[in-house]
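4 protein chains.
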Amino acid sequence: MYNLNITPSIGQTDALRHININSIASWFEAGRTPIFKIFNPTLDLTYKKWNLNIIHSEFNYLEHIYFGHDVEIRSYIVKIGKTSITVYQEAWQNNKLCANGNIILVYYDFIRENSKIIPEEIRLKLKEQLMDIEEIELKNKKEMKNK
Amino acid sequence: MYNLNITPSIGQTDALRHININSIASWFEAGRTPIFKIFNPTLDLTYKKWNLNIIHSEFNYLEHIYFGHDVEIRSYIVKIGKTSITVYQEAWQNNKLCANGNIILVYYDFIRENSKIIPEEIRLKLKEQLMDIEEIELKNKKEMKNK
Amino acid sequence: MYNLNITPSIGQTDALRHININSIASWFEAGRTPIFKIFNPTLDLTYKKWNLNIIHSEFNYLEHIYFGHDVEIRSYIVKIGKTSITVYQEAWQNNKLCANGNIILVYYDFIRENSKIIPEEIRLKLKEQLMDIEEIELKNKKEMKNK
Amino acid sequence: MYNLNITPSIGQTDALRHININSIASWFEAGRTPIFKIFNPTLDLTYKKWNLNIIHSEFNYLEHIYFGHDVEIRSYIVKIGKTSITVYQEAWQNNKLCANGNIILVYYDFIRENSKIIPEEIRLKLKEQLMDIEEIELKNKKEMKNK
């Protein structure tokens, strides 16, 4: 699991006085940086070096998130395919799971514009982080019970 | 169908020199405004008047979107439930379907914090706009063939 | 003068139920695109072709801007220096001047990382658009009186 | 001085492969939260409780900011007026001062829509934090020399 702490800003709220859903998406994006590093240790953002292309994202908005309290973004690798991975992410505030979602990232050649097979050495590093979604849900249930 | 024309700005690109996925989400949000108006004609953003709460969104990123060319956002009501609707949205650039997605909006009381049954008069107006996803896909195929 | 019409989205408001100041800055950025085109007609965003670097921006927030009404962004070239230009911009909503500001753009070589003298052919095109700030203010006064 | 650590996300870069200037503005906004707390300890975002209105902001972009390295936002109260304060802010990355700027916040009644005199008890708390701009610049020079 990868953790990122976020201090919400007023601009990330909207007129309904909660955090706007687009801000959550951008926090999830920031939370994926350590996973990008597995694929591209220098995080060099050139077409030669960058190698991940997002093809799908989905989000569930479970509880409103508020300004004035920090938010924890948790990111898990939950699936490793031949050419893609699925990252499951959560936003927690005040011990509540407020939003979650899945993002599919394809291992990608930005010059040739096609997907590539994930090489073995990257795959091994990803496997160290692989976690089962049921396992995560169980862990969450325990955590929420204890609070 | 509801149309919105967008002129991308540089800040909406990212270092991969395409439009960042979060910008697409915010364009889809702007594209839903005419649907918000069906529920709340004055668009008054108070807890008393605002009545839509997003519980789910998902996006498919089919083609990169570029700075320098306008983008058309198309929004369709594709499902009307008891307490919620599904809005299907597309982003088109240079006659190509570049992204699409579904958003689920719940008819919601922001003071009591619970969902409500969509009243008949709103339901009638929504039905006028209801369109079948297969119908939309067929229309898209024709359109892309002609270009 | 260059005009851009903006349809605000809910995500561009903040909890104070006005448009957040960062959204205004991003609209001004979108409004500068026709000026970028004078310097770089294809708008090609590579280090070889892109040639403008922002070194300063300032904004005055005169009136709150609201969701639900379109906003007009007006952009003027008000100063042409040896290596830089000043762009003055305004945001209008419901016939009111709601925000204005100045941005200084330096003609810049992104490979060598230094400023360059604006070439004569670009300077001529810029001069066609040059407008005096007092002239703009006079025009605004007339316009607001007539509404 | 108030400090905020930021981990940039890819969506905060733009096609020129630096952090986009609008992202810097939004980081500065997040950095002002401890100052908002002096005026409004609960950070309650209602018209009754919120009491700060931005009337001016300006930014100098001194060095490009890059993805992949954390950014430190420093916020100082540099001027306390009768009805307003000036906050000076800086963005530091890799021991370099990359951007700075001033924001003017007016003590404001959002219901009556007018400015108010800052009460004595708030003024005292602000004074504890007041710092001279020359003092800050001297501190910065020393810091950059030592690195």
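Chains as they are written, first to last, in the numbering used here: chain A, 4 to 150; chain B, 4 to 150; chain C, 4 to 150; chain D, 4 to 150.
Glycine included, every Cβ here is placed at the ideal spot set by N, Cα and C.
Only a predicted model underlies this, so the values are computations on that prediction, with no experimental measurement involved.
Query: Whose CA, out of N63/D, K85/D, L100/D, lies closest to the CA of D73/D?; Result: L100/D
Query: In terms of residues, what are the limits of the alpha helix (DSSP H) holding N63/A?; Result: Per DSSP, N63/A belongs to no alpha helix (DSSP H); it is in the beta strand (DSSP E), 55-64.
Query: Return helix, strand or coil for S78/A, following the three-state DSSP convention.; Result: strand
Query: Rounding to the nearest angstrom, what Cα-Cα distance links Q15/D and T10/A in this structure?; Result: 16 Å
Query: Mind listing which residues of the segment 54-83 of chain C have their C-beta closer than 9 Å to chain D's C-betas, in chain order?; Result: N56, I57, I58, H59, S60, E61, F62, N63, Y64, L65, H67
Query: What residues of chain D sit near F113/C, judged by a beta carbon separation below 8 Å?; Result: L19
Query: Which bits of chain A does T16/C rub up against, with CB to CB less than 7 Å?; Result: D17, A18
Query: Cβ closer than 7 Å: which chain B residues qualify as neighbours of A33/C?; Result: T10, S12
Query: Does the beta-carbon of G104/C have 16 or more other beta-carbons within 10 angstroms, so that it is buried, or is it exposed?; Result: buried
Query: Can you find a CB in chain B that lies within less than 8 Å of the CB of S29/C?; Result: yes
Query: Leaving out the 5 sequence neighbours to the left and right, which residues in its chain are closer than 7 Å to L7/C when beta-carbon positions are compared?; Result: A33, G34, I76
Query: Using a Cβ-Cβ distance under 8 Å, would L48/C count as near chain D?; Result: yes
Query: Return the residues of the segment 80-107 of chain B that lie within a Cβ-Cβ distance of less than 7 Å from chain D, sorted by chain order.; Result: none
Query: Taking the beta carbon of E131/D as the centre, do at least 16 other beta carbons fall within 10 Å, making it buried, or is it exposed?; Result: exposed
Query: If we call anything under 8 Å between Cβ atoms a contact, is Y69/C one with Q96/C?; Result: yes
Query: Which residue comes first and which comes last in the alpha helix (DSSP H) that contains Y102/C?; Result: Before going on, a small fix: residue 102/C reads as Ala here, not Tyr. Per DSSP, A102/C belongs to no alpha helix (DSSP H); it is in the beta strand (DSSP E), 99-112.
Query: Just how far apart, CA to CA, sit T86/B and E140/C?; Result: 51 Å
Query: Can you give, in chain order, each stretch of the alpha helix (DSSP H) that sits fully within the segment 14-38 of chain C and has at least 4 residues?; Result: 24-34
Query: By the DSSP assignment, the alpha helix (DSSP H) with I121/A in it spans what residues?; Result: It is not in any alpha helix (DSSP H) - I121/A carries neither H nor E in the DSSP assignment.
Query: Determine the extent of the alpha helix (DSSP H) in which I139/A is found, giving its start and end residues.; Result: 136-149
Query: Taking a contact to mean a Cβ-Cβ separation below 8 Å, would you say W53/A touches A94/A in this structure?; Result: no
Query: With DSSP as the reference, label I88/A as helix, strand or coil.; Result: strand
Query: Please report how far the alpha carbon of A28/B lies from the alpha carbon of R20/B, in whole angstroms.; Result: 17 Å
Query: Would you mind reading off the limits of the beta strand (DSSP E) that contains Y5/C?; Result: 5-9
Query: Just how far apart, CA to CA, sit I88/C and E61/D?; Result: 17 Å
Query: Pick helix, strand or coil for E131/A, following the three-state DSSP scheme.; Result: helix
Query: Run down chain A in chain order and give the residues with a C-beta less than 8 Å from the C-beta of N23/C.; Result: I13, G14
Query: Who pairs with I83/D in a beta bridge, going by DSSP?; Result: I88/D
Query: Is the separation between the beta-carbon of V81/D and that of I106/D shorter than 8 Å?; Result: no
Query: Who are the neighbours of L7/C on chain B, taking C-beta pairs under 9 Å?; Result: T10
Query: Considering only DSSP beta bridges, list what E116/A is partnered with.; Result: E116/A is not bridged to any residue.
Query: Looking only at C-alpha atoms, which of I38/B, Y50/B, F42/B, A102/B sits nearest to I58/A?; Result: A102/B
Query: CA-CA distance, K40/A and I125/A?; Result: 10 Å
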